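Keeping their order, the protein sequence lines are chains R and S.
In terms of this note's numbering, the first sequence opens at residue 5 and continues consecutively.
In terms of this note's numbering, the second sequence opens at residue 552 and continues consecutively.
Glycine is no exception: its CB is placed at the ideal position from the N, C-alpha and C atoms.
Model, not experiment: these values are computed from the prediction.
Scroll down for the structure; my scribbles are underneath it.
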Amino acid sequence: MFGYYLDLALRSLKRNKALTALMVLTVGFGVAASMTTWSVFRAVSGDPIPQKSARLFVPQIDNWGPTGHEPGSNSTEPPSAMSYTDAVALMRAHRAKYQSAMYQIADSVAPKAANQSLTLIAGEAVGSEFFPMLDVPFAYGGGWSGAEDANRAQVAVISSQLNGMLFGGADSVGRMLTFGHHDYRVVGVTDDWHPHPVFYDVVNTGGFTPLAADIFLPFDTAIANDANINGSTNCNQPPAESGFKGLQKSECVWISFMVQLDDAAAVRDYHQFLVNYSLEQQRAGRFNWPPEVRLRGLMAWLAERHVVPSDTKVSLYVAVGLLLVCLVNVMGLLLAKFMRRSGEIGVRRALGASRGEIYLQFLVEAGMVGLAGGVLGLALTWLGIAGVGWVMPPEIAALAHMDVSLLATTLIVAIVATMLAGLYPTLRASAVQPAWQLKSN
Amino acid sequence: MEWRPILSTLRRHRIPASLLVLEIALTCAIVCNAVFLIGQRLQHMQMSTGIDEHALVQIQLAEIEPSPDIYARAREDLAVLRQVPGVQAAALTNQVPLGISSSNSSIKLDLAQRQPTLNAGTYFGLDLPQTMGARLVAGRHLQADEATNVDVVLKALATGDAKQLPAVTVITQAMAQRLWPGQNPLGRTFYIGPVGVRVVGVLADLARANAYNDATAHYSMVLPVFMGVGQNQSYLIRTRPQDRQAVLKAAVAALKKADPQRVVTRQRTYDEVRSKFFENDRAMAGILVGVIIALLTVTALGIVGLASFWVAQRRRMIGVRRALGATRRNILNYFQAENFVLATFGIALGMLLAYAINLFLMLHYELPRLPAIYFPVGAVVLWVIGQLAVLGPALRAAAVPPVVATRSV
């Protein structure tokens, strides 16, 4: 029976080519527009670490007090990053399951061959717990140990890209490399790890950075080696001394911090710890204001930092609006098309077709329009995604891509949406009174 | 024009008619808001920087071996740059307007103030305004003898002995107006941290590097601090617009020759800086323009489709009317009027919807209210599109011969 309906639908669609083309075009257009913007939205707003995001938290401590707050606002939001003093204190206290201070570094990496030019790469100075905390996958080796943190070992974890560039992609664990003015022993090579957004350090990267992190050094080693910050530094007062040493002694904030807390009790305890720490600083005379701390979950933190540009959200709304208009349009056209065939329906009903059968027949026809629209929509989405690079910043455009899930979603959205739009017209068609139709002819 | 038959026909085709009305309403609402959003973006993108944008290029370097004397290195670099043919002026700066990476300071009018009065973009440099082409409207520029190396400044701040500092600054008109509305800012003092700084000159305009907020985008000041070479420092070079690429190339070569132990991390014209800064706004405007075109096309096609269907369905009725004496023009006008009625309903509903969407956007995205002018303009645009879309089917209807009335189906 289904095959017969398909055949009927094909014939009917062929009969009025212009109208069919119009419907297919409309569905294709609407689906492509919404899928293209959705692919961008998905790329920038997705949970970067879904298996763990609920257990990752970002602590904030107000080391500036009321003078550091935004002029003219009543916000009591503490600085978004940490001073060196606080970051080190939190690392030493070690109250969370895992914790890591982080800051962005950049320097030249020595060329492998004489004919290569010096390359500038970016990286991140992190604690040893960074790797287990963020489930960083390794192709070779692994992270360094807490002991290596403590004795400022000259070790490094490098990205697979850098490994390809320096060591031709071979297992480079144990090999040496020169970053800046220091030599480091490679202990691990990450396995194609490029989280988007760069959720572990949004303060310095804004979430999207053209320079991916290619090297990870122990935090204390980087500090000892004077690896200056390559990100944003915010000060409520100029540092008392110039240079990187002065920055470390100042109340300037430039370090990102992340902790892993496995249950609600741990979160409560850590929050209390932050309050106690601030109280201690207050007693010591460093803060002369009551504690003001935050402990946001990773996703809340990304939202707070506006990592997902509100633009992409607005354009998603607009695209969904476009899809809606397209569907209303298709609904009108299907209604017109089906009602025109009242005569045919009357004959089929008179010859014994049940209402359900008529209903199914027309739903198949709507589904076929949806399928054709979906195929066209796929082509247009593909074009749209190729075109995203034209209008979107390259870091974001690079994230929007066609994959199996987008492909399937496009087709499913097109078919389901068209069938939904076809529900009412189909209902009307199946409600045609056979006797009345036959009589009038 | 007889309206009654049109209305009663539409009443009989209530569902398709209301679908078309709904479609027009949604289109109207979305297009009004999208055009408004585009307008907002374009306005933001027009932001003035107060500098001679087409005459500037920027070069940023990273050192492989740290310089023993960062000030001497920078002075020598500047001297080298000034020798490059085509270079009219060169200066060391810690940031450029709309350069994103920024340096800012909180400013107080009184040391006892708990909260700062405002936050301003802080340029460190000497002949920066002259090199950038920022126009001085009052007072004087900073002078060479007021320049202080940054470590001297920091040391003075640390010891609290700021007396020796040439604490003078040049600020923008916008900042002066905000600090001292309606008064002469020359000779007045404000505080950056504990240090009082005296205003000696006023610039017509100089945008800050992180000019995201239109309201505070023009709060900038220039301090006579010499930073020396370093991570966030860069050279700004002024040249003739047509020489920019050649000068950029020659300048990079000259700098590398002066000290080969460094990598060029950035070399660009100022136009690229502006273009990069407004990248997102341009993207948004581009997407919205695309969506508007798509929406209007889909709506027009929908009108064509439904009108064609109605014409086909009513061939007999048209034939009868023609046989009873209606002219071709009557038939044409009938379909045009029908479309006008539908469009009017759609527009009325669409305006309400547009207003509601605007309220939502105002609430969530800090957008201003939709100006009233959008409503009549939006209405006219949709009426015109409706009429254009219906013209084809209506002409086909008008071409139906009266003889159709006598044929049986």
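| Asked | Found |
| --- | --- |
| Contact set for S:A707: own chain, Cβ-Cβ below 7 Å, skip 5 residues either direction | A713, Q715 and L716 |
| C-alpha gap between R:I53 and R:D267, whole angstroms | 17 Å |
| Contacting residues, own chain, Cβ-Cβ under 6 Å from R:Y363 (five flanking each side not counted) | T430 and S434 |
| Contact set for R:S451: own chain, Cβ-Cβ below 7 Å, skip 5 residues either direction | In this structure chain R extends from 5 to 445, so residue 451 of chain R is not present and cannot be described. |
| Per-residue contacts from R:C330 into chain S (C-beta, under 7 Å) | V849 |
| S:S654 burial status per 10 Å Cβ neighbour count (16 or more: buried) | buried |
| Bridge partners - R:L221, DSSP secondary structure assignment | R:A129 |
| Neighbourhood of R:V207 by C-beta, 6 Å cutoff - its chain only, sequence neighbours within 5 removed | S84, A85 and S260 |
| Close Cβ partners of R:A91 (< 7 Å) along its chain, the five nearest in sequence each way excluded | A105, I259 and F261 |
| R:P136 to R:V279 span [Cα, whole Å] | 27 Å |
| CA nearest to the CA of S:K807, picked from S:V935, S:G901 and S:E614 | S:E614 |
| With 16 other Cβ atoms within 10 Å as the buried cut-off, status of S:F911 | exposed |
| Sheet register partners of R:L124 (DSSP bridge) | R:S112 |
| Start and end residues, beta strand (DSSP E) containing R:H186 | H186 to T194 |
| Among S:M902, S:A755 and S:T710, nearest to S:Y770 - alpha-carbon criterion | S:A755 |
| S:N700 - partner residues in DSSP beta bridges | S:F777 |
| Any C-beta of chain S under 8 Å from that of R:D66 | no |
| Those residues which DSSP pairs with S:S785 across a bridge | S:T644 |
| Closest by C-alpha distance to R:V257, when choosing among R:Y107, R:A160, R:V113 and R:T414 | R:Y107 |
| Which listed residue (R:W305, R:K249, R:Y9 and R:I416) has its alpha carbon closest to that of R:A58 | R:W305 |
| Closer than 8 Å to chain S by CB, R:R344 | yes |
| The stretch 731-747 of chain S touching the stretch 777-793 of chain S, judged by at least three CB pairs closer than 8 Å | no |
| Near-chain R residues of the stretch 777-798 of chain S - C-beta to any C-beta below 8 Å | Q782 |
| First and last residue of the uninterrupted beta strand (DSSP E) at S:H657 | Just to set this straight, residue 657 of chain S is Ser in the shown sequence, not His. Here the beta strand (DSSP E) through S:S657 covers N655 to K659. |
| Sheet register partners of S:L754 (DSSP bridge) | S:L687 and S:T723 |
| Residues near S:I704 in its chain [Cβ-Cβ closer than 7 Å; skip 5 each side] | Note that residue 704 of chain S is Val in the sequence shown, not Ile. The residues are L716 and V776. |
| Contact set for R:L327: own chain, Cβ-Cβ below 6 Å, skip 5 residues either direction | G34 and S38 |
| Start-end ranges of the alpha helix (DSSP H) lying completely within the stretch 804-891 of chain S, minimum 4 residues | 821-828, 830-864 and 866-874 |
| Three-state secondary structure (DSSP) of S:I566 | helix |
| 8 Å contact criterion, which S:L839 and R:V322 should meet: CB distance rounded | 7 Å |
| Beta-bridge partners of R:L181, as assigned by DSSP | R:Y188 |
| Between the CA atoms of S:G747 and S:R686 - distance to the nearest angstrom | 25 Å |
| Distance between R:W68 and R:A418 (C-alpha atoms, nearest Å) | 53 Å |
| Coarse secondary structure for R:S282, derived from DSSP in three states | helix |
| Sequence-distant residues of the same chain with beta carbon closer than 6 Å to R:D175, five excluded per side | Y144 |
| Limits of the beta strand (DSSP E) - the one that R:S260 falls within | S260 to Q264 |
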